[in-house]
Amino acid sequence: MSASSRKGSGRTPGPRTRAVHGGGSSSRGPVSTPIVHSVTFSFPDLDALMVAQNAGPEGAFYQRYGHPTLAAAEARLAELEDAEAGLLFSSGMAAISAVFLALLKSGDHVVALHQSYGGTHALLQWGAERFGWSFDLVDARDPAAWERAFKPSTRIFHVESPTNPTLTIVDLERAARLAHARDAALTCDSTFASPVGQHPLALGADVVMHSATKSIGGHGDLLAGAVLGPRARIGAVWKVRKVFGAVPDPALAWQIERSLKTLPLRVAATNATALELATRLTAHPGVAQVFYPGLASHPGHDVARRQMSLGFGPVLAFDVRGGTEAATRVIEGLELIAHAPSLGSVDSLASLPAYTSHLQLGEEGRRRAGIPDGLIRLSVGLEEADDLWADLAEALARVPAHATPQR
Ligand SMILES: *Cc1c(COP(=O)(O)O)cnc(C)c1O
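Heads up, the sequence shown is in the working numbering, so the first residue is 27 and it goes up one at a time.
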């Protein structure tokens, strides 16, 4: 955390305070960051311009390099993630791509999870075909097997935790030890946990990425991404952003910064409701299995308790008895909960991974990945738990054999 937020009594302010006050001082001025709609910035003399030009991300004097509204949002985000520095991008995939392009060159090797986000699979494949890197996938559920995938040329071990859609938990300290023993960087897509729900850098990760489209934006109305880490690494990623140009504009940067102010509150609320619903679903006769790291029965529960804070994330998944047909009836019976992909929004959203994010795996691939065909993924929003439960119970009652009185 920056020195600014420790001033005064010397206490480290809590996440809510840091979310509201950011990394800036509380001296006089607008309480909301001004949106600076300027593409370029002028200097009194050539020396001043040269200083800015040589200062990397901090010296930005042209909007693609960085700009004041963006810098404010990045500083606030870095405070929340407890990172030295952060960069925002115009999508989560732009952020992840920038990290891979910054850390890899032709001939390098990546170890990633079978359970990685679909777009990350596409990025790894694209780079293997067009850029000259190679990759191997390991099962997040089988850490004993990870090391076998490493090669002398492995530069990145890329993980997610929790993973999509079955919420597998990766022990990040263990992953970092392995990566570092093999001279690779641990990169962690922490989207499902959010910047306030998990701090992978403190557990040994070298770089953290987020799809800011999810919990950071949090209202289902913006597309963005983030990369956080030590200043030196962020400098290398900044060069990629400058070259490829996936920079949020001032209006988007402001929207992201505004959303950050309520992030800890939103995450605490959605996570509490997700645990409540996951617990109720385990007792429902129409549900074969519930996947949620907050449940003591989840194989990653102990690790999740150690490495997650403010609960266990907004996403849970449950396997409806009766397979695809039953799950389709249930999802089509939801009224309050929207049938849509994505997660981390104020709105609760449900989707069928077998038909959306994991369609391309095929039936056999899904079985190997441990994704039942009757799986419904639920991203819990800010609605009342009782209202969401009533919606779920009514939809589950549409599968006649399992119709049961509501609790
Ligand atoms: C959504 C998502 C992404 C991609 O983010 P975009 O903002 O859609 O580009 C990457 N990783 C995870 C885990 C995601 O959920």
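Quick reminder that beta carbons are idealized off the backbone N, C-alpha and C, glycines included. The model shown is predicted, which means the values in this text are computed figures rather than measured ones.
Residue i Cβ short of 7 angstroms to ligand 1 heavy atom set
{"i": "G251", "result": "yes"}
{"i": "S117", "result": "yes"}
{"i": "E186", "result": "yes"}
{"i": "T217", "result": "yes"}
{"i": "I122", "result": "yes"}
{"i": "T239", "result": "yes"}
{"i": "G312", "result": "no"}
{"i": "L369", "result": "yes"}
{"i": "N190", "result": "yes"}
{"i": "G145", "result": "yes"}
For residue j and residue i, the rounded distance between their alpha carbons
{"i": "H384", "j": "E390", "result": "11 angstroms"}
{"i": "R174", "j": "A120", "result": "30 angstroms"}
{"i": "R42", "j": "D209", "result": "36 angstroms"}
{"i": "A86", "j": "V196", "result": "37 angstroms"}
{"i": "Q432", "j": "V341", "result": "Its pLDDT being 42, under 50, Q432 is placed unreliably by the model, and nothing is read from it."}
{"i": "T350", "j": "V57", "result": "50 angstroms"}
{"i": "D399", "j": "R392", "result": "8 angstroms"}
{"i": "K268", "j": "G36", "result": "37 angstroms"}
{"i": "A416", "j": "A364", "result": "14 angstroms"}
{"i": "V222", "j": "F183", "result": "23 angstroms"}
{"i": "R284", "j": "A231", "result": "27 angstroms"}
{"i": "L127", "j": "G153", "result": "9 angstroms"}
{"i": "A109", "j": "V425", "result": "48 angstroms"}
{"i": "K287", "j": "E100", "result": "13 angstroms"}
{"i": "I397", "j": "Q315", "result": "11 angstroms"}
{"i": "R90", "j": "F161", "result": "31 angstroms"}
{"i": "V293", "j": "A74", "result": "42 angstroms"}
{"i": "Q333", "j": "L248", "result": "28 angstroms"}
{"i": "A124", "j": "G348", "result": "42 angstroms"}
{"i": "L418", "j": "E361", "result": "9 angstroms"}
{"i": "P226", "j": "A330", "result": "12 angstroms"}
{"i": "A295", "j": "E155", "result": "43 angstroms"}
{"i": "H140", "j": "R200", "result": "18 angstroms"}
{"i": "A395", "j": "G359", "result": "27 angstroms"}
{"i": "T277", "j": "D412", "result": "Strictly speaking, residue 277 in this sequence is Ala, with Thr absent from that position. Roughly 36 angstroms separates the two Cα atoms."}
Residue i, DSSP secondary structure in three states
{"i": "L321", "result": "coil"}
{"i": "I242", "result": "coil"}
{"i": "Q315", "result": "strand"}
{"i": "D209", "result": "coil"}
{"i": "Q224", "result": "strand"}
{"i": "L72", "result": "helix"}
{"i": "G230", "result": "coil"}
{"i": "H384", "result": "coil"}
{"i": "G85", "result": "helix"}
{"i": "E155", "result": "helix"}
{"i": "L375", "result": "strand"}
{"i": "G40", "result": "coil"}
{"i": "F161", "result": "strand"}
{"i": "H236", "result": "strand"}
{"i": "P431", "result": "Its pLDDT being 42, under 50, P431 is placed unreliably by the model, and the measurement read from it follows with that caveat. Coil at P431, not helix or strand."}
{"i": "D328", "result": "helix"}
{"i": "E186", "result": "strand"}
{"i": "L336", "result": "coil"}
{"i": "I402", "result": "strand"}
{"i": "F270", "result": "helix"}
{"i": "H63", "result": "coil"}
{"i": "A309", "result": "coil"}
{"i": "F218", "result": "coil"}
{"i": "F115", "result": "strand"}
{"i": "R90", "result": "coil"}
{"i": "T194", "result": "coil"}
{"i": "A364", "result": "strand"}
{"i": "V57", "result": "coil"}
{"i": "H47", "result": "helix"}
{"i": "T350", "result": "helix"}
{"i": "F176", "result": "coil"}
{"i": "D412", "result": "helix"}
Any C-beta of chain E under 8 angstroms from that of residue i
{"i": "L139", "result": "In the structure shown, chain E does not exist; there is a single protein chain."}
Within 8 angstroms, do at least three Cβ pairs link the region 336 to 353 to the region 301 to 318? yes
With a threshold of 8 angstroms, are at least 3 pairs of Cβ atoms found where one atom belongs to the region 254 to 270 and the other to the region 367 to 378? no
Three or more C-beta pairs below 8 angstroms linking the region 285 to 305 and the region 116 to 134: no
Sufficient close CB pairs (3 or more, under 8 angstroms) joining the region 54 to 70 to the region 240 to 248: no
For the region 312 to 328 and the region 130 to 146, state whether three or more C-beta atom pairs, one from each stretch, are separated by less than 8 angstroms. no
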